[in-house]
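Here's the structure, in structure tokens; my notes come after.
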Amino acid sequence: MDYSHLEARFKDSLYWRPKNNIKKFLLGIGGGIILLVLGTFIFKNSIFLSLNPDITSQAYGKVEENSENLSKGKENYLTNLSQDKIKRINILLIGIPGKPWPAPYLTDSIQIISINPDSQKILVIAIPRDLWVKVPGSEYETRINSLYSLENNSSLLLKKVKEITGIPAPYYIILDLTTLEKLVNILGGIDINVKESIYDPLFPSVSRGYETFSISAGYQHLDGKTAVKYIRSRHQKRGDFGRIERQQQVIEALRKKITKLNILEDFSKIAALFKEFRGKTNLTFKELKTFIVLTRKFSQKEINYFVIDAGRPNSLLSYKNTILGGKTASVLWPKRGKFNYAEIKEKITNLIKD
């Protein structure tokens with residue numbers, strides 16, 4: 006694959022056959038269950054008809070029929086969604102900063118949402134952005150978070166995620182920080198119990214500089230802009246692990262707020278949300294309808310998280326260092342060796358069986 010067209014500053018994120026590689030574990034979970042949140046929002050509302058003139062009332066009525074079939078335990082509603090050979094429905098959630106943030110297409114969050122319709126369980130698998138990979142179709146090597154940027158689409162990332170985890174994901178949804186900010190604002194803000202005060206003088210600003218972000222410990226009501234800063238700040242004692250905790254807090258706060266509010270009857274909120282997600286997924290309208298029905302069924306079911314991490318005795322990855330753009334850079338390798346994903350696949354297979 007020829008990447009000669011890439012500008013020089015971006016080529017620095019690629020590297021040809023590095024000799025050796027150590028340090029930070031950078032993982033962005035932010036928004037992991039936003040996909041499920043989306044389903045809760047836009048189900049069973051005439052917004053589909055108003056925003057999609059090609060969708061007839063007959064097609065919309067099919068959603069109602071699917072919902073009725075679902076409540077009666079019928080399985081034909083699943084025929085609209087592609088399932089893997091063990092009948093799981095897999096969707097890749099791609100979290101990016103998006104414009105106008107610096108490096109808008111580098112992925113901060115790479116997560117697979119794997120749904121088992123039979124057991125009614127959901128497994129969310131997070132892949133760290135610093136995982137060192139080979140670019141599909143080439144001899145270049147880079148961090149996995151660069152793959153989406155190379156072609157500004159999900160194809161390379163989808164291939165690599167399948168190679169790493171063994172899970173094929175025919176669907177994807179892209180979530181950027183602007184969408185997350187608007188989502189929180191549409192909900193009227195979220196309530197968070199801030200465990201430790203944060204003072205971060207090096208929070209990256211939209212203008213490619215730095216600004217100070219601070220928040221006091223205790224219960225706080227966050228608007229969209231503050232929520233984005235809360236999940237992105239990582240210059241704290243616990244670094245990226247603290248950031249992961251805060252991101253999970255925001256996800257839980259979003260779910261609680263949606264449950265608390267009577268969103269399904271609020272046409273304006275649903276219209277605003279649906280508009281934000283248009284064009285950011287390869288799910289067709291028919292598939293999206295079916296997924297919405299499915300997520301409603303699972304709304305109170307168990308959701309399990311698994312992070313492919315480093316730094317612990319039972320971690321599957323180890324810290325390495327390499328040279329990128331003339332500077333030492335921290336990356337992650339599988340413990341069994343570079344590009345050896347056998348142990349990761351084995352672990353995920355066992356999680357899916359549970």
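According to my numbering, the stretch in the sequence shown is residues 6 to 359, in order. For each residue, glycine too, the CB sits at the ideal point set by N, CA and C.
Terminal residues of the alpha helix (DSSP H) in which residue i lies
i	result
residue 229	229 to 237
residue 91	First-last for residue 91: undefined, no H or E at that position.
residue 186	182 to 191
Identity of the residue in the options nearest residue i by Cα
i	options	result
residue 208	191, 95, 230 and 225	230
residue 136	119, 166 and 143	166
residue 122	217, 93 and 222	93
residue 341	322, 214 and 216	322
residue 212	324, 256 and 108	108
residue 263	117, 194, 88 and 345	194
residue 144	196, 216 and 344	344
residue 286	105, 181 and 223	181
residue 316	214, 221, 339 and 219	339
residue 353	232, 205 and 171	171
residue 116	132, 110 and 104	132
residue 86	217, 314, 291 and 356	291
residue 254	227, 89, 265 and 130	227
residue 118	160, 177, 140 and 104	177
residue 199	357, 251 and 91	251
residue 89	175, 237, 214 and 221	175
residue 141	130, 155 and 134	155
residue 241	205, 220, 232 and 169	205
residue 111	258, 346, 161 and 91	161
residue 327	120, 138 and 105	138
residue 191	259, 203 and 201	259
residue 114	357, 224, 312 and 359	312
residue 223	288, 203 and 215	203
residue 324	197, 96 and 134	134
residue 197	130, 233 and 164	233
residue 201	265, 235, 189 and 169	235
residue 157	168, 173, 179 and 95	179
residue 104	210, 330 and 168	210
residue 215	225, 237 and 221	237
Helix, strand or coil at residue i according to DSSP, with G and I counted as helix
i	result
residue 251	helix
residue 207	strand
residue 349	helix
residue 315	strand
residue 198	strand
residue 332	strand
residue 354	helix
residue 259	helix
Span of the beta strand (DSSP E), counted from its first residue to its last, around residue i
i	result
residue 288	Run containing residue 288: none; DSSP gives neither H nor E here.
residue 344	Looking at the DSSP string, residue 344 is not in any beta strand (DSSP E), and its letter there is neither H nor E.
residue 219	215 to 220
CB contact check: residue i to chain B, cutoff 8 angstroms
i	result
residue 198	The structure shown contains no chain B; it holds only a single protein chain.
Residue i CB to nearest heavy atom of the ligand MG below 7 angstroms
i	result
residue 195	Ligands displayed in this structure: none; no statement on the ligand MG is therefore possible.
Contact between the stretch 308 to 317 and the stretch 124 to 143 is defined here as three or more beta-carbon pairs at a separation below 8 angstroms; is this criterion met? yes
Output the residue ranges of the alpha helix (DSSP H) runs that lie fully inside the stretch 102 to 174 and measure 4 residues or longer, sorted by chain position. 152 to 156 and 160 to 170
Three CB pairs or more closer than 8 angstroms across the stretch 94 to 114 and the stretch 180 to 197: yes
Indicate whether the contact test is met: 3 or more Cβ pairs, each with one atom in the stretch 137 to 156 and one in the stretch 326 to 344, closer than 8 angstroms. yes
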